[in-house]
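Enquirer: Residue numbers (full-length UniProt numbering), protein chains in the order written: chain A, 1 to 336; chain B, 1 to 336.
Quick reminder that beta carbons are idealized off the backbone N, C-alpha and C, glycines included.
This one's a predicted model, so the numbers in the text were calculated from it and none came from an experiment.
2 protein chains.
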Amino acid sequence: MTRPPRRARAVDVAAHAGVSVATVSFVVNGKAEGRVSPATRLRVLDAIAALGYVTDASARALATGRRRQVALLAHDMTNPFTAQVAAGAAAGIAEATEGTGHLLLLLGSDETGPDVEPVGAATVDGVLINYPGTLPAGRPDLPVVHLDDPAAGGHQVSMDVEVGARELARHLAGLGHRRVLYLGTPRPWSTFAQRRDAFAAELAAVAPGAVVLDDRCDIDLAAGVQLAGEHAQRWLADGVTAVVAATDLQAIGVLAGLAAAGVQVPGRLSVAAFDDIPFAAVSAPPLTTVALPARELGRRGAVLLAGVIAGDRTEPGDPVVLPARLVVRDSTGPAC
Amino acid sequence: MTRPPRRARAVDVAAHAGVSVATVSFVVNGKAEGRVSPATRLRVLDAIAALGYVTDASARALATGRRRQVALLAHDMTNPFTAQVAAGAAAGIAEATEGTGHLLLLLGSDETGPDVEPVGAATVDGVLINYPGTLPAGRPDLPVVHLDDPAAGGHQVSMDVEVGARELARHLAGLGHRRVLYLGTPRPWSTFAQRRDAFAAELAAVAPGAVVLDDRCDIDLAAGVQLAGEHAQRWLADGVTAVVAATDLQAIGVLAGLAAAGVQVPGRLSVAAFDDIPFAAVSAPPLTTVALPARELGRRGAVLLAGVIAGDRTEPGDPVVLPARLVVRDSTGPAC
DNA sequence: CTGTTAGCGCGTTCAC
DNA sequence: GTGAACGCGCTAACAG
Numbered sequence: 001m002t003r004p005p006r007r008a009r010a011v012d013v014a015a016h017a018g019v020s021v022a023t024v025s026f027v028v029n030g031k032a033e034g035r036v037s038p039a040t041r042l043r044v045l046d047a048i049a050a051l052g053y054v055t056d057a058s059a060r061a062l063a064t065g066r067r068r069q070v071a072l073l074a075h076d077m078t079n080p081f082t083a084q085v086a087a088g089a090a091a092g093i094a095e096a097t098e099g100t101g102h103l104l105l106l107l108g109s110d111e112t113g114p115d116v117e118p119v120g121a122a123t124v125d126g127v128l129i130n131y132p133g134t135l136p137a138g139r140p141d142l143p144v145v146h147l148d149d150p151a152a153g154g155h156q157v158s159m160d161v162e163v164g165a166r167e168l169a170r171h172l173a174g175l176g177h178r179r180v181l182y183l184g185t186p187r188p189w190s191t192f193a194q195r196r197d198a199f200a201a202e203l204a205a206v207a208p209g210a211v212v213l214d215d216r217c218d219i220d221l222a223a224g225v226q227l228a229g230e231h232a233q234r235w236l237a238d239g240v241t242a243v244v245a246a247t248d249l250q251a252i253g254v255l256a257g258l259a260a261a262g263v264q265v266p267g268r269l270s271v272a273a274f275d276d277i278p279f280a281a282v283s284a285p286p287l288t289t290v291a292l293p294a295r296e297l298g299r300r301g302a303v304l305l306a307g308v309i310a311g312d313r314t315e316p317g318d319p320v321v322l323p324a325r326l327v328v329r330d331s332t333g334p335a336c
Numbered sequence: 001m002t003r004p005p006r007r008a009r010a011v012d013v014a015a016h017a018g019v020s021v022a023t024v025s026f027v028v029n030g031k032a033e034g035r036v037s038p039a040t041r042l043r044v045l046d047a048i049a050a051l052g053y054v055t056d057a058s059a060r061a062l063a064t065g066r067r068r069q070v071a072l073l074a075h076d077m078t079n080p081f082t083a084q085v086a087a088g089a090a091a092g093i094a095e096a097t098e099g100t101g102h103l104l105l106l107l108g109s110d111e112t113g114p115d116v117e118p119v120g121a122a123t124v125d126g127v128l129i130n131y132p133g134t135l136p137a138g139r140p141d142l143p144v145v146h147l148d149d150p151a152a153g154g155h156q157v158s159m160d161v162e163v164g165a166r167e168l169a170r171h172l173a174g175l176g177h178r179r180v181l182y183l184g185t186p187r188p189w190s191t192f193a194q195r196r197d198a199f200a201a202e203l204a205a206v207a208p209g210a211v212v213l214d215d216r217c218d219i220d221l222a223a224g225v226q227l228a229g230e231h232a233q234r235w236l237a238d239g240v241t242a243v244v245a246a247t248d249l250q251a252i253g254v255l256a257g258l259a260a261a262g263v264q265v266p267g268r269l270s271v272a273a274f275d276d277i278p279f280a281a282v283s284a285p286p287l288t289t290v291a292l293p294a295r296e297l298g299r300r301g302a303v304l305l306a307g308v309i310a311g312d313r314t315e316p317g318d319p320v321v322l323p324a325r326l327v328v329r330d331s332t333g334p335a336c
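#1: Alpha carbon to alpha carbon, how far is L297 (chain B) from L326 (chain B)?
#2: Considering only the alpha carbon of each residue, which of A:S270, A:R195, A:D248 and A:A207 lies closest to A232 (chain A)?
#3: Please report the residue range of the alpha helix (DSSP H) in which Q233 (chain A) lies.
#4: Less than 8 Å between the CB atoms is what I'm expecting for P150 (chain B) and S190 (chain B), so what's the real figure, rounded?
#5: Please report the residue range of the alpha helix (DSSP H) in which L168 (chain B) lies.
#6: Using the beta-carbon count (16 or more within 10 Å), is Q156 (chain B) buried or exposed?
#7: Taking all protein chains shown into account, do 16 or more other C-beta atoms lie within 10 angstroms of the C-beta of G239 (chain A), making it buried, or fewer, making it exposed?
#8: Measure the alpha-carbon distance for Q250 (chain B) versus I277 (chain B) and round it to whole angstroms.
#9: Identify each residue in the stretch 257-270 of chain A for which the Cβ-Cβ distance to at least one residue of chain B is less than 8 Å, and report them in chain order.
#10: Is C217 (chain A) buried or exposed, if buried means 16 or more other CB atoms sit within 10 Å of its CB?
#11: Any contact between the stretch 62-82 of chain A and the stretch 128-135 of chain A? By contact I mean 3 or more CB pairs, one from each, below 8 Å.
#12: Excluding the five sequence neighbours on either side, which residues of its own chain have a C-beta within less than 7 Å of the C-beta of P4 (chain B), listed in chain order?
#13: Run through chain B and tell me which residues come within less than 9 Å of Q84 (chain A), C-beta to C-beta.
#14: In or out: residue 355 (chain A) buried (at least 16 other Cβ within 10 Å) or exposed?
#15: With which residues is P140 (chain B) paired in a DSSP beta bridge?
#16: Output the boundary residues of the alpha helix (DSSP H) element that contains D248 (chain B).
#17: Is R234 (chain B) buried or exposed, if buried means 16 or more other CB atoms sit within 10 Å of its CB?
#18: Could you tell me if V282 (chain A) is buried or exposed, where buried requires 16 or more neighbouring beta carbons within 10 angstroms of its beta carbon?
#19: Count the other CB atoms, across all protein chains shown, that sit within 10 Å of the CB of Q69 (chain A); report buried if there are 16 or more and exposed otherwise.
#20: Please report how far the alpha carbon of L62 (chain B) lies from the alpha carbon of A59 (chain A), in whole angstroms.
#21: Alpha carbon to alpha carbon, how far is L287 (chain A) from G229 (chain A)? Give it in angstroms, no decimals.
#22: Measuring straight from C-alpha to C-alpha, what distance separates A294 (chain B) and A22 (chain B)?
#23: If we ignore side chains and look at the alpha-carbon of each, how far apart do Q226 (chain A) and D197 (chain A) end up?
#24: In or out: E162 (chain A) buried (at least 16 other Cβ within 10 Å) or exposed?
#25: Give every residue of the same chain whose Cβ lies closer than 7 Å to the Cβ of A311 (chain B), excluding the five residues on either side of it in the sequence, and list them in chain order.
#26: Alpha carbon to alpha carbon, how far is H102 (chain A) from H16 (chain B)? Give it in angstroms, no decimals.
#27: Counting C-beta neighbours from all protein chains within 10 Å, is the total for P80 (chain B) 16 or more, i.e. buried, or is it exposed?
#28: With a CB to CB cut of under 8 Å and the five nearest residues on each side skipped, what residues in its chain are close to T97 (chain A)?
#29: Would you mind telling me which residues of chain A sit closer than 7 Å to V70 (chain B), beta carbon to beta carbon, in chain order?
#30: Going residue by residue through the UniProt domain "HTH lacI-type" (8-64) of chain B, where are the continuous alpha helix (DSSP H) segments of at least 4 residues, counting only ones entirely within it?
#31: Just tell me which of A:E95, A:T78 and A:D248 has its CA closest to the CA of A89 (chain B).
#32: Which first and last residues belong to the beta strand (DSSP E) in which F274 (chain A) is found?
#33: Less than 9 Å between the beta carbons of A280 (chain A) and L175 (chain A), yes or no?
#34: Go ahead and label V144 (chain B) buried or exposed: buried means 16 or more other beta carbons lie within 10 angstroms of its beta carbon, across all protein chains shown.
#35: Looking at chain A, is there any beta carbon in it that lies within less than 9 Å of the beta carbon of V211 (chain B)?
#36: Identify each residue in the stretch 236-259 of chain B for which the Cβ-Cβ distance to at least one residue of chain A is less than 7 Å, and report them in chain order.
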C-alpha cells in the first residue's frame with residue numbers, strides 16, 4: 001500500500017491534514033506561533049510524519065532567495081591545515097545556522113583555482129575564501145569572509161602570525177642562531193609574506209647582524225624531503241644552523257630528508273616551522289612550531305559569515321585575529 | 001551607468017537580445033542546434049556577456065529536477081585518508097560532469113554521524129558514502145555509491161584490502177614474526193574487519209602456530225602515542241615482535257610512542273599498517289604499509305555515481321575493486 | 001486563526 | 001526558427 005516513490009509535497013501534507021499549504025509552511029518553518037492553533041499544528045505534524053515529507057531545498061531557495069549553503073574555496077584538501085579549516089567551517093556553519101546550513105566544497109588545482117561558477121549561479125549565500133582567487137564579477141554584494149589573508153579587505157578572520165613569528169625568532173636567537181635559512185613557498189599569499197617578514201624583522205632586532213637566507217619549495221612533504229636531500233650539505237657549508245619553514249609540511253619533509261642524509265637534528269641543524277598540524281607532535285624529532293588554530297579559523301570564519309548573511313553586521317568591523325603561540329619541542333636546540 | 005546589483009535574469013537577456021526566454025534557454029543549454037539561427041545565437045551570447053548573466057541554480061534545479069550536486073558523507077575530514085577521498089571525489093565529480101557538478105560536504109561527529117537532512121531535502125542528486133550511516137528514509141531511489149565498505153550492497157567501489165593484508169602477513173612471516181599484536185579500531189566498519197581477518201588468516205596459513213593478539217585504539221595520532229607508551233613494555237614481555245595497525249595514523253602514533261619509550265623499531269619491534277598516507281613515507285622510521293588508493297577511491301566513486309545519476313548503469317553490476325599493494329619501508333625487520 | 005494567490009527563475013511542449 | 005504559456009514546490013502577502 002505504499003505510495004509510489006514520488007516525494008510528498010506540501011500540498012499532499014495539506015490535504016492529508018485538511019489544511020492549506022500556507023498552514024503547512026508556517027508549521028514547517030516554525031512560524032506557527034500565534035498563527036496556527038496547537039491542534040491543527042499537531043495534525044500537520046502528523047501528516048508530515050505519515051507522508052515522510054521533507055521541504056524541497058531548491059523550491060525553498062527559489063522562493064526565499066536563501067540557499068542555506070556557503071562555499072569554501074580552498075586549494076588542497078589534502079593539506080592537513082586546510083582539512084582542519086574545512087572541518088571547522090563545517091562545524092561553524094552548522095552551529096551558526098542550527099544545522100540548517102551546509103558546506104559546499106570548491107576545490108581548485110594550482111593553476112586554475114577553484115571553479116567559482118556555482119558562486120555566480122547563486123548556489124550559495126556566501127563564500128569562505130581560503131584561497132586568494134577571483135570571485136565572479138557581477139556579484140559584488142555577495143557576503144565573503146577571507147580566511148588567513150591579512151592583506152584582504154572586508155570581513156576576515158586571521159591569526160596572529162606575526163606574534164608567533166617573532167616569538168620563534170626570539171627563541172632561535174636565544175639559542176644562539178645567527179644564520180638561518182628561511183624556507184618559503186612559491187605561493188604569493190600574504191600570510192606567507194607576513195610569516196617571513198615578521199620573523200626576519202624580529203631576528204634582526206634581537207640579534208643584530210643575524211642573517212636570513214632564503215630558499216623555497218612547494219608545500220608538501222616530498223618537496224621538503226628532496227630539498228633537504230639536495231641542499232643539506234650546502235646549508236651546513238654556508239654556516240646555517242637553523243631552518244625555518246613556512247609550513248609544517250615542508251619542515252617535516254625536511255626532517256625526513258635530513259635524517260636520510262645523516263644530519264642530526266637539532267645537533268647540527270635546528271628546524272622549526274608554522275602551523276602545528278597534528279603530525280608536528282610525532283615527527284622525529286617532534287617539531288618546534290608556531291601553532292596556528294586552523295580549526296578555529298574555519299569555525300569562526302563560518303560563524304562570521306553566517307552573521308554577515310543574516311545581516312547582523314553589514315560593515316567589516318574589526319578583523320578577527322586568533323592567537324598564535326610558539327610550541328617548543330625537540331627539533332630546535334643550541335646553535336653548534 | 002552600471003545596473004543596480006540585481007542579477008540579470010533570462011528575461012533580461014531575452015529583452016537585450018530581442019528574443020524570447022525560450023531562445024535564451026536553448027542557447028544556454030546547448031540545445032540551439034537546429035532550433036536557433038547562428039545569428040540570433042550570437043546575439044544571445046552577446047547579451048549574456050553584456051549583462052553578466054548566470055543561470056540561477058535553484059530555479060534550474062526546480063525545473064529540471066537535477067541539483068548538480070552530490071554529497072559526500074564522511075566522518076573526519078581531518079584524517080588524511082578521508083581528505084584524499086574528498087579531494088578525489090571533488091575531482092571525479094567535476095570530471096564526470098564536465099565541471100557542472102559539485103561536492104557538498106556532510107561531516108559528522110562520532111556519535112551523531114553526518115546530518116543527512118539535506119539529502120532528504122533533495123539538495124543532491126546522489127550520495128557518496130564513506131561513513132556507514134543511515135540514509136533518510138523516504139528516498140529509497142536516491143543514487144548511492146559506497147566507498148570502502150565491502151559489506152555494503154548496491155553500487156560501490158572498494159579496494160583489494162584482502163590481497164594487501166595477505167601480502168603483509170607473508171612479509172612479516174618471512175621475517176620470522178610469530179607473535180604479532182593487531183591494533184584495531186573501535187569502529188565496526190567492514191573494511192576494518194576485513195583487514196584484520198585477512199591478515200590473521202594468511203599469517204596462520206603461512207606460519208602455523210603464529211599468534212595474533214588484539215588491542216585497539218581510536219584512529220588518531222594521540223591514541224597511538226598513548227597506547228604505545230602504556231603498553232610497549234607489556235607487548236615486549238608478551239613476546240610480541242610486531243605490531244600491525246589498522247591505519248597509518250595509529251601506527252605513526254605508535255612509532256612516536258615507542259621512540260619516546262626507547263623501544264627500537266624495527267630492532268625490538270616491527271611496525272606496519274594500512275593506508276599509505278603521505279606521512280607514512282616520512283615517519284621515523286618510514287612505515288611499511290599496505291598502500292590503499294584513497295584519492296582514486298574518491299574519484300572512481302564520483303565517476304560511478306555520476307554514471308548512475310545519468311542513468312548509464314541502473315543495476316549495481318560488478319563492484320569496482322581498486323588494487324592495494326604492500327609498500328615495504330624500514331619499520332619492519334627480522335623478528336628478534 | 002486559516003485559506004487564496006501571486007510570484008521566485010527557468011525548462012519545455014506546443015502552436016505559429 | 002521563434003514565442004507564449006504552463007509547471008516545478010514553496011513562501012509570503014493579503015483576504016477573510
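Expert: Answer, in terms of the structure:
#1: Position 297 of the second sequence, counted from the start, is the residue given in the question as residue 297 (chain B). Position 326 of the second sequence, counted from the start, is the residue given in the question as residue 326 (chain B). Their Cα atoms are separated by approximately 17 Å.
#2: To locate residue 232 (chain A), count along the first sequence from 1; it is residue 232. When only C-alpha atoms are compared, the closest one is A:S270.
#3: Taking the first sequence and counting its residues from 1, one reaches residue 233 (chain A) at position 233. L221 to A237 is the extent of the alpha helix (DSSP H) around Q233 (chain A).
#4: As a position in the second sequence, residue 150 (chain B) is number 150, starting the count at 1. As a position in the second sequence, residue 190 (chain B) is number 190, starting the count at 1. Confirmed, about 5 Å.
#5: Indexing the second sequence from 1 puts residue 168 (chain B) at position 168. L168 (chain B) -> alpha helix (DSSP H) spans V161 to G174.
#6: Here the question's residue 156 (chain B) lines up with position 156 in the second sequence. So Q156 (chain B) ends up on the buried side.
#7: As a position in the first sequence, residue 239 (chain A) is number 239, starting the count at 1. Per the 10 Å Cβ criterion, exposed.
#8: To locate residue 250 (chain B), count along the second sequence from 1; it is residue 250. To locate residue 277 (chain B), count along the second sequence from 1; it is residue 277. In a straight line, the C-alpha of Q250 (chain B) is about 12 Å away from that of I277 (chain B).
#9: A259
#10: In the first sequence, the residue the question calls residue 217 (chain A) occupies position 217. Buried is the call here.
#11: yes
#12: To locate residue 4 (chain B), count along the second sequence from 1; it is residue 4. Only weak support exists for where P4 (chain B) lies, its pLDDT of 40 falling under 50; the value from the coordinates is given anyway. There are no such residues.
#13: Start at 1 with the first residue of the first sequence, and residue 84 (chain A) comes out as number 84. M77 and T78, listed in chain order.
#14: This structure cannot settle anything about residue 355 (chain A), because the visible part of chain A is limited to 1 through 336.
#15: Indexing the second sequence from 1 puts residue 140 (chain B) at position 140. Partner(s): none; P140 (chain B) has no beta bridge.
#16: Residue numbering aside, residue 248 (chain B) sits at position 248 when the second sequence is read from its first letter. Segment D248 to A261, the alpha helix (DSSP H) holding D248 (chain B).
#17: Reading the second sequence from its first residue, position 234 is the one you call residue 234 (chain B). It counts as exposed.
#18: Residue 282 (chain A) sits at position 282 when you count from the first residue of the first sequence. Buried is the call here.
#19: Sequence index remark: in the first sequence, residue 69 (chain A) carries index 69 (1-based). Buried is the call here.
#20: Walking along the second sequence from the start, residue 62 (chain B) turns up at place 62. Walking along the first sequence from the start, residue 59 (chain A) turns up at place 59. In a straight line, the C-alpha of L62 (chain B) is about 6 Å away from that of A59 (chain A).
#21: The residue labelled residue 229 (chain A) in the question sits at position 229 within the first sequence. The residue labelled residue 287 (chain A) in the question sits at position 287 within the first sequence. Whole-angstrom Cα-Cα distance: 19 Å.
#22: Here residue 294 (chain B) refers to the residue found at position 294 of the second sequence. Here residue 22 (chain B) refers to the residue found at position 22 of the second sequence. Near 44 Å, if we compare the C-alpha coordinates of A22 (chain B) and A294 (chain B).
#23: Counted from its first residue, the first sequence places residue 226 (chain A) at position 226. Counted from its first residue, the first sequence places residue 197 (chain A) at position 197. Cα-Cα distance, rounded: 25 Å.
#24: Residue mapping note: residue 162 (chain A) aligns to position 162 of the first sequence, counting from 1. Classification for E162 (chain A): buried.
#25: Here residue 311 (chain B) corresponds to residue number 311 of the second sequence, with the count starting at 1. It is worth fixing the name first, because residue 311 (chain B) is Gly in this sequence and not Ala. If we look at G311 (chain B) and ignore the five residues flanking it on each side, it has no Cβ neighbours.
#26: By one-based count along the second sequence, residue 16 (chain B) stands at place 16. By one-based count along the first sequence, residue 102 (chain A) stands at place 102. For H16 (chain B) and H102 (chain A), the distance between alpha carbons rounds to 36 Å.
#27: Start at 1 with the first residue of the second sequence, and residue 80 (chain B) comes out as number 80. Buried.
#28: By one-based count along the first sequence, residue 97 (chain A) stands at place 97. R68 and A306.
#29: Residue mapping note: residue 70 (chain B) aligns to position 70 of the second sequence, counting from 1. Within 7 Å Cβ-Cβ: nothing; V70 (chain B) doesn't reach chain A, min ~11 Å.
#30: 10-17, 21-28, 38-51 and 57-64
#31: Here residue 89 (chain B) refers to the residue found at position 89 when the second sequence is read from its first residue. Cα-wise, what sits closest to A89 (chain B) is A:T78.
#32: Within the first sequence, the letter at position 274 stands for residue 274 (chain A). Segment S270 to D275, the beta strand (DSSP E) holding F274 (chain A).
#33: Reading the first sequence from its first residue, position 280 is the one you call residue 280 (chain A). Reading the first sequence from its first residue, position 175 is the one you call residue 175 (chain A). Going by C-beta atoms, A280 (chain A) is not nearer than 9 Å to L175 (chain A).
#34: On the second sequence, residue 144 (chain B) is found 144 positions in, with the first residue counted as 1. With 16 or more other Cβ atoms within 10 Å, it is buried.
#35: Working through the second sequence from its first residue, we reach residue 211 (chain B) at position 211. No, V211 (chain B) does not count as interfacial toward chain A.
#36: I252, G253, A256 and A259
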